[in-house]
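Peer 1: Attaching a single structure in structure tokens format; questions to follow.
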Amino acid sequence: MRCSSIVLGLMFFFSGMLLANRSDGQNIRIDKVLLSPKTTILKAALKEIEEKTNYRFAYQSDMINSAGLVKVPANTRSVAETLTALLDPIELTYRQSGHYIYIEHKPKPKIVQQLQLKGRVLDEQGLPLPSVSVLKNGTSQGTVTDENGQFVINTVKGDRITFTYIGYKAQTIVVTDTTNSLSVQLELAEGSDLDEVVVVGYGTQRRSDVTGAISSVNEEALKQIPAGNIATALQGTAPGMSIQKPGGSSHPGATPTIRIRGERSLGAGNDPLVIVDGIPYNGSLNDISQDDIVSAQVLKDASSTAIYGSRGANGVILINTRRGRANGEPTLSYNGYAGFNRILGQFDLMDAEQFALLKKWAKWNGSSANTYTGLDDPDLLKDAFGDPEEFEAYQNGGNNNWQDLIYKDGLMTNHQVGINGGTEKTKYDASLGYFKSDGIYDRQGMNRYSLKLSIDQQIGKYVTLGINSLNSYTILTGMDLNPMDQALRASPFIGPDRPDGTPYDFLPGAGRNVWNPMADFEEGALLDKTTRLSTFTSGYLQVDLPAGFKYKFNAGIQINPETIGRFYASGTTKQLGTPNYGYNGKKTGYDYTIEHLLTWDRVLAEKHHFNFTGLYSIQEAQNEWNHVHYRNVLADYVQYHNPEFASDLTSDGSYEKWAILSYMGRLNYSFDDRYLLTFTMRSDGASRLAPGNQWHLFPSVALGWNMMNEAFLKGNNWMNTLKLRASYGTVGNQGIGAYDTLGQLDLRRYNFGSDNVLGTYPIRAANATLGWENTSSLNFGLDYGVLDNRISGSIEFYKQFTDHILLDQTLPATSGIPLPVRNNIGKTENTGVELNISSVNLKGGENGGFSWSTDLNIFLNRGKITELASGVTQDISNSWFVGHPIGTFFNYKRVGIWQNTPEDIAQAEELGLTVTGTNSVIGTVRVADANGDGRINLDDRVILGSRQPKFEGGFTNRFAYKNFDLSIVTYFKVGGLMKSGIHGGWMNTLQGIYNNLDLPYWTPDNMENYWPKPNSALQNPEFKSTLDLMDASYLKIRNINLGYTLPKAALANLGVKSAHVYTTVSNPFVFFSEYKNKFGGLDPETNNAIDINTPPLWSLLFGVNVTF
Amino acid sequence: MKNLDRLLLLTLLAVSLLSCNKKLEKENHSRLTPEFFQTAQGFETGLNAAYSGLRELYGPEEGVEAFTAVGTDEFRTANGNRTSNVANYSSAYLSSNEFSSKIWNTCYTYINTCNGLIKFGADITELSEDAKKQKLAEAHFLRAFYYFTLVPLFGDVTLNTEFQDAPTTAAERADKGTVYDLIEADLKVAMDGLVASSKIGGVQPGRATAATARHLLAKVYLTRAYTDIAKSDDFQQALNLAKGLIDDAPALNIGLLPDFEDVHRPTNEDNAEVLFSVQYSTDLVFGGEQTWNHLYVNKYDVQLGERNLNDGRCYAWFRGTDWLYNTAFADKTNDSRYYKTFQSVWYATRALSGSYTIKVDGQTHTLNYNFQPGDTAMVMPGYNMPLPEMQNKNYYIFTPENYTDATIFPTMTKYLDPNRETPNENGKRPIIVLRLADTYLVAAEAAYQLGQPDLAAQYINVIRKRAANEGREQAMEVNAADIDIDFILDERSRELCAENFRWLDLVRTGKLFERVRAFDDFEARNNIREYHVIRPIPQSQIDAVITGPPYPQNPGWN
């Protein structure tokens, strides 16, 4: 009801606007009126017309009173003719709206002459500057300069045209009669430019008008890090945005985890909303070619995200792809690179001798006393092996490094051909791209073919429409394959083949549990292929309406059907000799957004600038999955292509559909470019939530003060930019499953003898009141620029309060409901500071002298849970503690190793610990009796810390000399804890069964105080979970990029406009990492834990960018 | 042009705004919700699920065996495994151990399923009254079964009798007496509503019958009879029920199999002696998998050079104690059960030759082996053979004197599954949970406690005579003077070893501490403490009860 009345209202509003404002007054021309001819005062004449017709007049009294006498014409005429006759001689005119006729002053005769303004933009050295934004102030009409710095734009006299380009000071000119060919020279800005145009939600703004906390990343910065997806390229570039590999995965198709200003939700997800070309993007970031992206904006505070109210709580990333330019001549470009991925190192495992010694210690410690005479007892060695074949291989000197066999260099290459151009009325951009990255495990890789097309077309004077289509076909292989679990624990005494040359299946040793990892490399034995055709197409229709109104219809649809095929032959590490396995997965669905936008932009009385945006939007998505699993495919070569030839088929599927409806209004007001105000209201309804709680209103307000434009600062010569900003508002989160308000039954299969049956049982409780999770945030920002903007940047301070948290609450088993329940309970807070400094350390000056600039960003976020359900202060099973951040580690406190000393033994006995036999604690991890009750048990667990870093950030140094350029991108994180799956995994059991990480384990002589003794009697050391928690700090050189721009003169003859060659090395160095330096890890980068995965990579690429 | 604009705009508006409120209605096609339980099909599948929950207790590595088989006088841990701390009663055996939570969580999940069935079942109109009564009786039986899994292990537990569909983070422990009352009442409903026995009326294998309920209730009375909440007639009730079932057995077409060996023979799990089993089958989709076939297998692959299907996958988790091999089963002449419970011969799959050392009366001797595929490769005769008998054989011979802690010991064979495809594959055999031989031993124990040792001897003799080697029946007989609680426990070992009763038997009879101290020969005997006679409430339960009073832990565990 509520929704439809608003819609109805909105429809009237739109249609009323259309009809009223666009009316040319047909009725007034047909309706006749007969007046008595005379000379009288205007007021009387108008009154007579009112009496004789249905029309009513509206006017300002003094205007009518001062009008003097008018001559009423004879004969019957139309109302229009009559009014013209009356008003024309006294310099008045009229305007009709419905039954009302407004009397107004005749506009001053204005000769509006369309000028086609041509011109050229030059850089500080007088060379043509391409890609400069040329924008008519107060409008969105504009263009960019071509490769020769030239532009064409339609203007009228008096228009103000602003030229902006990253790294240069903006320049504004006023169009005069004489302006027809223009030459504009831009000056280097040396720092951030407040007049740069930034994309904000539903529009663009000059940076100086922005009131929210927004970080921008431009094309240049993005290009520095060639990667398969945009998130990887964004790492370390924007304050407040933390980007980490999920679980440390090095799969070429792994997309990083993005967190903006920390984490606030416990159960509804913390992923930011991604908007591509104005439309919410729900697909994979792998599906967008980096080459097509020209900028990214990160919206962080409530004011800038509030217009995406429903989904803005975790921040918003706006991604903009390239559009055509009105530069006449088409520009053809080629970007390409090729190189390799290589492992950053091997995991440090034991070699044959080390492992044999470990086996002996494990067996020694895991046997009853007096079983063996000593460590040199030959029976101990023999029993430690157990497997006669492994023992024989050891005696024959077998020493195999399985990792050498698994890894190889992977090819990484990218090619993109683009064409870009257009005229004033038609602009286009198209590109064709190919990206390929092979993993260092040859079953893993990513291939992407992409096609992009965008057209903007102006029709007539008022209508512009455009379409933008991003299409890609992505092939991911080996997403579910991971050789490491087997390869890292395979016996180092054994090679892949038996002495007679036939390959092993189960390898000798390790209880014949480890399958020959090389079996997976047999052609066709292990297939895992995901293919996705993604099309993300958006279109708009924009109509310029009178009086500063603009209407825009914006719609986008994303369709990305995905198919997955997997086949694991019997003799692979996946099947371990059991029947082969096939799987087909198929996803279909769509996801669309439709928006109606009305904007009004007016400057009143010179100094009052109003910009109003109204929005109605609908987002809807529907996804369907089908999966088929089967065994016993009759012939391996059938693979996953025809399940008909298999048995034991099972199949399952799922369906989901959700929608969000939104109404939004935003007012931007600025006074004299000094005082800025943004006020936003958004109302959202989400189908995911429970009826009755689906709608919520999200308000926000922001203020800005451009102090530079104040008299007291104007004209000073050291400060160039100073702006204060403040915002407060609320945004929401509804990122839960489409049907999480419903209860759920799970499926079980069972048999009674040969009768097979299906079973269903309750696993999740319904929650009929699930509503929005809301985050209110307060943000203070300061933008500054000093010394000719050589030093510039911004400082942000924020505080966020999240309540009604959508959380997954684990229930006690006695509740009878095994799965956690979704709830709206609890509160979190996040406080943070973000600092961003850009500085020009050395100016290059004329003639390409040496220049050096630095961008530095540092940010910190302190999150904590402030309230949990029912006033409890801790929820151990979910690891939530009031006063502590999300991601808190709660466990025993490790204090060392129980040493074989009389004191330690006495203390252990006092605590009731076993000090004899295979379960003796001597040589094992010693944990603190934290509660001092004289016993070691679960009550001794304490809070050890959390994932949350103390601070993190990035810095980029750029150097240039003559035609050479060099950039170094660095990322750092200080503080916080991480969990290492490598140290917690099967290759670190110290049981002497599986090969082990090469660690200095405890022996009675070495007094080691971190790693416990090996023990064949335990599958894992006691309190092992206290050993894989490590400091997460590190500093990483993300990228070093060295480039050379070929001299233009040398290229002219080849028809080449510009050419740039470069070489780039990614991920080469990691410093200051405990995980790496103390524990032998490779790369500490992860969002949470390092999973057991193929090793991290570094890559070396050579590339070229050419334009023709 | 202008008109076209307008038309276009209005059309767009109209299209996108049409019936927008409807967009916020949920359209669920892929999720079943608890309301489904109110239909006949939902009731049927809910019952199937309640049965299938038993697979989480009987079959997986983290199932009930860690709490029943090891840490007793029968079995000890051989190679390091998940149960080591529990089996050895080491100081690292804490309330966070996985077995407490696995059993606890499973039982409460399916108790709630049963509660749902009991709540909605009565109102389902599509089912005939007979069918409804039968199925409701099954639900009551399963609820009792799950509660009777919990109480003997954990003592006072939370009692849920209503279907819980709203989340709660509070819980309390009920006095175990009230839980026993519910178990008793449920089993009485089951006895009344269920088909009389598995061999009457085409009952599917694995379904509970009235016979199952009668046996279980006898066991419930017997168990309660020893506790501080015992009712005065508990032993009598136990005896009456067990006796009744034994007497009715012929009419129910059930009974002891003539040969003890057939009881656990692969593919014969649906035999006349079986009262209740957890189902598995070779169907890869519905049949499930269990790992219990691996747990008791020794490391014969050291001697044979490789594994094979018949002899199993060498987990070597559990090894019999010397007491079990040599004392409980001391009589290997009259009693056939030693050789029908433990493996004594292994056949070669590869040609191997060489020499090995053994001890005879403490003296070391070197012997040779040389075998071809199909030949005998290894023998564990079960007694200390004289040296001459061992010489000049071309296979390995290991006498009890030569058993090792972790490698060389006889495999317990009750769960072996030779009908798999590869040696490492998991088992697909149903697991026998309750069988009639136990009914006799329940009757005997109850009779003994009621002061009728002659009656006890009578029931025990039925079991013993069935187990006798041919012509040795007489020698197997015992009389009233032989009967005491230790004898009954010994007899239970011989008949039921590894059938997941032992720890419960020892706790029930108050003998756990004493017999582990006396008969364990590894580490449990040194480490066991008085408080180990009850299992710890899982820490996950205690941690998750965050509202109301804290969830109490069992004594000694905090």
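One line per chain: the protein sequences are A and B, in this order.
Be aware that the first sequence starts at 1, since it is given in the working numbering, and climbs by one per residue.
Be aware that the second sequence starts at 1, since it is given in the working numbering, and climbs by one per residue.
Ideal Cβ positions, reconstructed from N, Cα and C, are used throughout, including at glycine.
If you're wondering where the values come from, they're calculated on a predicted model, not measured in any experiment.
Whole angstroms is fine: what's the gap from residue 156 of chain A's alpha carbon to residue 844 of chain A's?
Peer 2: Distance between the alpha carbons of residue 156 of chain A and residue 844 of chain A: 39 Å.
Peer 1: Mind pulling the alpha helix (DSSP H) runs of 4 or more residues that sit fully within the region 417-502 of chain B?
Peer 2: Taking only runs of at least 4 residues, the alpha helix (DSSP H) segments lying wholly in the region 417-502 of chain B are 436-449, 453-467, 473-476, 485-496.
Peer 1: Roughly how far, in whole angstroms, is the beta-carbon of residue 580 of chain A from the beta-carbon of residue 514 of chain A, given that I think they are within contact range, below 8 Å?
Peer 2: The Cβ separation is near 20 Å, so there is no contact.
Peer 1: From residue 423 of chain A to residue 206 of chain A, what distance separates their C-alpha atoms?
Peer 2: Rounded to whole angstroms, residue 423 of chain A to residue 206 of chain A spans 25 Å at the Cα level.
Peer 1: Is it the case that the region 833-852 of chain A contacts the region 910-928 of chain A, given that we only count it when at least three CB pairs across the two stretches are under 8 Å?
Peer 2: These segments do not touch.
Peer 1: Note down, in chain order, each residue of its chain lying with its Cβ closer than 7 Å to the Cβ of residue 262 of chain B, except the 5 sequence neighbours on either side.
Peer 2: Correct list, in chain order: 268, 271.
Peer 1: From which residue to which residue does the alpha helix (DSSP H) around residue 1102 of chain A run?
Peer 2: No alpha helix (DSSP H) contains residue 1102 of chain A, which is instead part of the beta strand (DSSP E) from 1097-1107.
Peer 1: Taking C-alpha atoms, which residue in A:73, A:67, A:59 lies nearest to residue 102 of chain A?
Peer 2: The candidate whose alpha carbon is nearest that of residue 102 of chain A is A:59.
Peer 1: Mapping DSSP to helix, strand and coil, what is residue 224 of chain A?
Peer 2: Here residue 224 of chain A sits in coil by DSSP.
Peer 1: In whole angstroms, what is the alpha-carbon distance linking residue 828 of chain A and residue 474 of chain A?
Peer 2: Going by the C-alpha atoms only, they are around 39 Å apart.
Peer 1: Would you decide whether residue 292 of chain A is buried or exposed? Buried here means 16 or more other CB atoms lie within 10 Å of its CB.
Peer 2: Buried, since its Cβ has 16 or more Cβ neighbours within 10 Å.
Peer 1: What residues from the region 753-780 of chain A come within 8 Å of chain B, judged by C-beta to C-beta, listed N to C?
Peer 2: Flagged, chain order: 753, 754, 755, 756, 757, 758, 759, 760, 761, 762, 763, 765, 766, 767.
Peer 1: Can we say the region 1002-1015 of chain A touches the region 945-963 of chain A, given the rule of at least three CB pairs closer than 8 Å?
Peer 2: Contact between the region 1002-1015 of chain A and the region 945-963 of chain A is absent, because fewer than three Cβ pairs lie under 8 Å.
Peer 1: Helix, strand or coil for residue 551 of chain B, going by three-state DSSP, please let me know.
Peer 2: DSSP places residue 551 of chain B in coil when its eight states are reduced to three.
Peer 1: Taking the alpha helix (DSSP H) that residue 61 of chain A falls in, what are its first and last residues?
Peer 2: Start and end: 61-65.
Peer 1: Taking the CB atoms as reference points, tell me whether residue 937 of chain A and residue 95 of chain B lie closer together than 8 Å.
Peer 2: Yes, Cβ-Cβ distance for residue 937 of chain A and residue 95 of chain B is below 8 Å.
Peer 1: Could you please tell me which residues of the region 910-921 of chain A, in chain order, have their CB closer than 7 Å to any CB of chain B?
Peer 2: Correct list: 912, 913, 914, 916, 917, 918, 919, 921.
Peer 1: Within 10 angstroms of its Cβ, does residue 548 of chain B collect 16 or more other Cβ (buried), or is it exposed?
Peer 2: Per the 10 Å Cβ criterion, exposed.
Peer 1: Pick helix, strand or coil for residue 402 of chain A, following the three-state DSSP scheme.
Peer 2: It is helical.
Peer 1: Using a Cβ cut-off of 8 Å, pull out every chain B residue sitting near residue 1015 of chain A, in sequence order please.
Peer 2: Those are 80, listed as they occur along chain B.
Peer 1: For residue 495 of chain A and residue 351 of chain A, what's the separation of their Cα atoms in angstroms?
Peer 2: Spanning the two alpha carbons is a distance of roughly 13 Å.
Peer 1: Find the nearest neighbour of residue 538 of chain B within the set B:290, B:97, B:364, judged by alpha-carbon distance.
Peer 2: Out of B:290, B:97, B:364, B:97 has the C-alpha closest to the C-alpha of residue 538 of chain B.
Peer 1: On a CA-only basis, which of A:683, A:534, A:271 is nearest residue 306 of chain A? Give me that one, please.
Peer 2: Taking only the C-alpha atoms, the option nearest residue 306 of chain A is A:683.
Peer 1: Relative to the C-alpha of residue 1023 of chain A, which residue among A:1047, A:940, A:951, A:259 is closest?
Peer 2: For residue 1023 of chain A, the nearest C-alpha among the options comes from A:940.
Peer 1: Take residue 921 of chain A as the anchor and find which of A:1013, A:244, A:371, A:81 has the nearest alpha-carbon.
Peer 2: Comparing Cα-Cα distances from residue 921 of chain A to each of A:1013, A:244, A:371, A:81, the minimum goes to A:1013.
Peer 1: Please state the DSSP three-state secondary structure of residue 94 of chain B.
Peer 2: In the structure shown, residue 94 of chain B sits in coil (DSSP, three-state: anything other than H, G, I, E or B).
Peer 1: Taking Cβ to Cβ, would you say residue 524 of chain A is nearer than 8 Å to residue 639 of chain A?
Peer 2: Cβ distance < 8 Å, so residue 524 of chain A and residue 639 of chain A count as in contact.
Peer 1: Can you tell me whether residue 328 of chain B is helix, strand or coil according to DSSP?
Peer 2: Three-state result, residue 328 of chain B: helix.
Peer 1: Taking the alpha helix (DSSP H) that residue 414 of chain A falls in, what are its first and last residues?
Peer 2: Unbroken run through residue 414 of chain A is the beta strand (DSSP E), 410-422; no alpha helix (DSSP H).
Peer 1: Determine which residues share a DSSP beta bridge with residue 249 of chain B and list them.
Peer 2: Answer is none; residue 249 of chain B lacks a bridge partner.
Peer 1: Taking DSSP as the reference, what is the three-state secondary structure of residue 685 of chain A?
Peer 2: Note: residue 685 of chain A maps to strand in three-state DSSP.
Peer 1: So residue 388 of chain B is in the alpha helix (DSSP H); what residue range does that whole segment cover?
Peer 2: Residues 387-390.
Peer 1: What residue does the beta strand (DSSP E) around residue 179 of chain B start on, and which one ends it?
Peer 2: No beta strand (DSSP E) contains residue 179 of chain B, which is instead part of the alpha helix (DSSP H) from 176-193.
Peer 1: Are the C-beta of residue 104 of chain B and some C-beta of chain A separated by less than 8 Å?
Peer 2: Yes, because at least one Cβ of chain A sits closer than 8 Å to the Cβ of residue 104 of chain B.
Peer 1: Where DSSP assigns a beta bridge to residue 858 of chain A, which residues make up the other side?
Peer 2: Its beta-bridge partners are A:835, A:953.
Peer 1: With 8 Å as the threshold, decide whether the Cβ of residue 312 of chain B is near any Cβ in chain A.
Peer 2: It does not; no Cβ of chain A falls within 8 Å.
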